[in-house]
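Sequence positions in the sequence shown follow our numbering and run -8 to 391.
Built from N, CA and C at the ideal position, the CB exists for glycine as well.
All values derive from a computational prediction rather than experimental measurement.
The structure under discussion appears below in the form of structure tokens.
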Amino acid sequence: MKVLVVNCGSSSLKYQVLEMDDSTLLAKGLVERIGIDGSVMKHEKIGMDKYILEAPMKNHKDAIGYVLEALTDKEHGVVASMDEISAVGHRVVHAGEKYASSVLITQDVMDALEECIDLAPLHNPPNILGIRACQELMPETPMVGVFDTAFHQTMKPENYLYAIPYEYYEKYKIRKYGFHGTSHKYVSMRAAAMLNKDVKDIKVVTCHLGNGASCAAVKNGVCIDTSMGFTPLDGLVMGTRSGAIDPAVITFIAEKEGIGADEVINILNKKSGVAGISGVSSDFRDLEEAEAQGNERATLALQVFAMRVKSFIGSYMAKMNGADCIVFTAGVGENDPSMRKLICSDMEGLGVELDDEKNNVRGKETVISKDSSKVKVMLIPTNEELTIAQDTVEIVGKLK
Ligand code: AMP
-8 MKVLVVNCGS
2 SSLKYQVLEM
12 DDSTLLAKGL
22 VERIGIDGSV
32 MKHEKIGMDK
42 YILEAPMKNH
52 KDAIGYVLEA
62 LTDKEHGVVA
72 SMDEISAVGH
82 RVVHAGEKYA
92 SSVLITQDVM
102 DALEECIDLA
112 PLHNPPNILG
122 IRACQELMPE
132 TPMVGVFDTA
142 FHQTMKPENY
152 LYAIPYEYYE
162 KYKIRKYGFH
172 GTSHKYVSMR
182 AAAMLNKDVK
192 DIKVVTCHLG
202 NGASCAAVKN
212 GVCIDTSMGF
222 TPLDGLVMGT
232 RSGAIDPAVI
242 TFIAEKEGIG
252 ADEVINILNK
262 KSGVAGISGV
272 SSDFRDLEEA
282 EAQGNERATL
292 ALQVFAMRVK
302 SFIGSYMAKM
312 NGADCIVFTA
322 GVGENDPSMR
332 KLICSDMEGL
342 GVELDDEKNN
352 VRGKETVISK
362 DSSKVKVMLI
372 PTNEELTIAQ
382 DTVEIVGKLK
């Protein structure tokens, strides 16, 4: 059974086609600059050179039209016709409190996602556009929604409530939701497989460290707590996002700079994080290069980032009464041995002993702690698309 996985951003669209009989990737691609000049699709049939198409794409429907053409193309395609695609799995960022797992997309689901636009104004609209475009172009194909927030819906109120007047939770649903759920779920399950244990018997701290970054405490296969909050601005320091700060800083900056609170939030989202501290870049490769050349603020940015991750690991080990393992994933987590070392240093007291030699590795599933380490430290490349495709197969399978 072949599944198309679609992940729509405001001006971009990522896709993959997977053969789920043996979980292999057949094709993948990225469309960028949708709705702006210079739209381009980069399509790759696995094992072949990239096929690049530059053509005007005024909206997501145009973009998906080109993707479907590429997927059925004689040379670059992987199916003779789109009828061979049994289902489409859509990544959707926010499902609020409505869905705790993936669902078949119906009109009711679309209405619920529309209701969540308030909670994710940047993310849900393009997700919805992508679903509509696929529904128009593939009207007979079942579509499944896989939500970033769903895995975190198991959090209990003591971990998701903010200590603000309760009526704001009741009236506006202001609470912690958490994001990157598909990734936290995938790596925690892989961690169990690597330990040869049932996920229901282990406690994992997952660290998804990419441009966006979050940690999660996963106990017995369910999420106990996570670092992102009402929005993906909370928690860890990120590439350009501040992570958690004292909220009083917002009005203080607004007053001092003569700008509105919304402009401050924009600064906290786009001009802060390691980019803001260092003044160099949001990319950890640039920061490490600058550090090697003696740039002290680059060093400071890396240290602040590491300390915040350490704080969450400690907090989650306290909440779960220990951990069997700590997992690193996503761009930085998978590729940056020196950052992993900085985070895990001086944690022997908590049973965490990184092995410098084993840690000198990139992008492959492996244990990077010493044999004596009570808490195993693992590197697990995330695979959100595979998880989306697996959920899609499971849900579509029930339709038969
Ligand atoms: P992601 O959002 O998961 O795609 O992660 C993107 C981030 O991963 C980039 O901004 C880089 O900072 C980081 N990254 C990717 N490759 C490396 C590398 N080799 N060393 C350090 N950081 C890396």
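Sort the options by Cα distance to residue i and report the nearest one.
i	options	result
phenylalanine 275	Val323, Met146, Tyr159 and Ser218	Val323
glutamate 356	Met369, Glu344 and Asn350	Met369
glycine 234	Asn202, Gly38 and Leu390	Asn202
valine -4	Ser273, Val384 and Gly388	Val384
alanine 292	Ser269, Gly285 and Glu279	Ser269
arginine 24	Asn326, Glu254 and Pro47	Pro47
phenylalanine 142	Asn374, Asn260 and Phe170	Phe170
methionine 134	Gln144, Leu278 and Asn118	Asn118
threonine 242	Val228, Leu259, Gly226 and Thr231	Leu259
alanine 78	Lys391, Gly340, Lys(-7) and Ser302	Lys(-7)
proline 130	Phe296, Thr97, Ile165 and Gly285	Thr97
leucine 4	Ser30, Leu17, Ser14 and Met11	Ser30
leucine 377	Ser2, Asp13 and Ser329	Asp13
proline 372	Lys176, Asn286 and Gly249	Lys176
glutamate 339	Lys349, Val271, Ser364 and Asn351	Ser364
aspartate 109	Met185, Lys367 and Ile165	Ile165
lysine 147	Pro116, Phe296, Glu88 and Asp99	Glu88
serine 2	Ile76, Glu35, Gly226 and Asp28	Asp28
arginine 288	Gly68, Gly388, Ser273 and Lys301	Ser273
threonine 320	Gln381, Lys41, Met311 and Glu375	Glu375
Output the distance between the C-alpha atoms of residue i and residue j, rounded to the nearest integer angstrom.
i	j	result
aspartate 346	isoleucine 359	6 Å
alanine 314	serine 92	25 Å
alanine 123	aspartate 102	Before going further, note that residue 123 is arginine rather than alanine in the sequence given. In a straight line, the C-alpha of arginine 123 is about 12 Å away from that of aspartate 102.
glutamine 126	threonine 140	23 Å
asparagine 187	cysteine 198	20 Å
glycine 251	aspartate 74	51 Å
threonine 145	serine 218	14 Å
threonine 173	aspartate 64	31 Å
alanine 245	phenylalanine 138	34 Å
isoleucine 317	aspartate 53	42 Å
cysteine 206	cysteine 107	23 Å
valine 100	lysine 391	20 Å
isoleucine 55	alanine 204	29 Å
Using DSSP's beta-bridge definition, name the partner residues of residue i.
i	result
valine -2	Per the sequence presented here, residue -2 reads as asparagine, with valine not at that position. Paired residues: Lys5.
tyrosine 42	His34
aspartate 369	According to the sequence as given, residue 369 is methionine; it is not aspartate. DSSP, once it has assigned bridges, lists Val318 and Val358 as partnering methionine 369.
lysine -7	Glu10 and Ile76
Q: Return the chain-ordered ranges of every beta strand (DSSP E) run that is complete within the region 322 to 361 and spans a minimum of 3 residues.
A: List check, beta strand (DSSP E) in window: nothing returned.
Q: Quick one: which unbroken beta strand (DSSP E) runs of 3-plus residues sit fully inside the region 187 to 224? Chain order, please.
A: 194 to 200, 204 to 210 and 213 to 217
Q) Which residues count as close to the ligand AMP when the rule is a CB under 5 Å from any of its heavy atoms, in chain order? A) Gly201, Asn202, Asp274, Phe275, Arg276, Ala321, Gly322, Val323, Asn326 and Asp327
**Q.** Minimum length 4: unbroken alpha helix (DSSP H) runs contained in the region 254 to 335
**A.** 264 to 269, 275 to 283, 287 to 310, 321 to 326 and 328 to 335
Q: May I have a chain-ordered list of the beta strand (DSSP E) segments no shorter than 3 residues that lie completely inside the region 60 to 110?
A: 76 to 83
Q. What alpha helix (DSSP H) runs, 4 residues minimum, are completely inside the region 112 to 179?
A. The qualifying runs are 115 to 128, 148 to 151 and 157 to 163.
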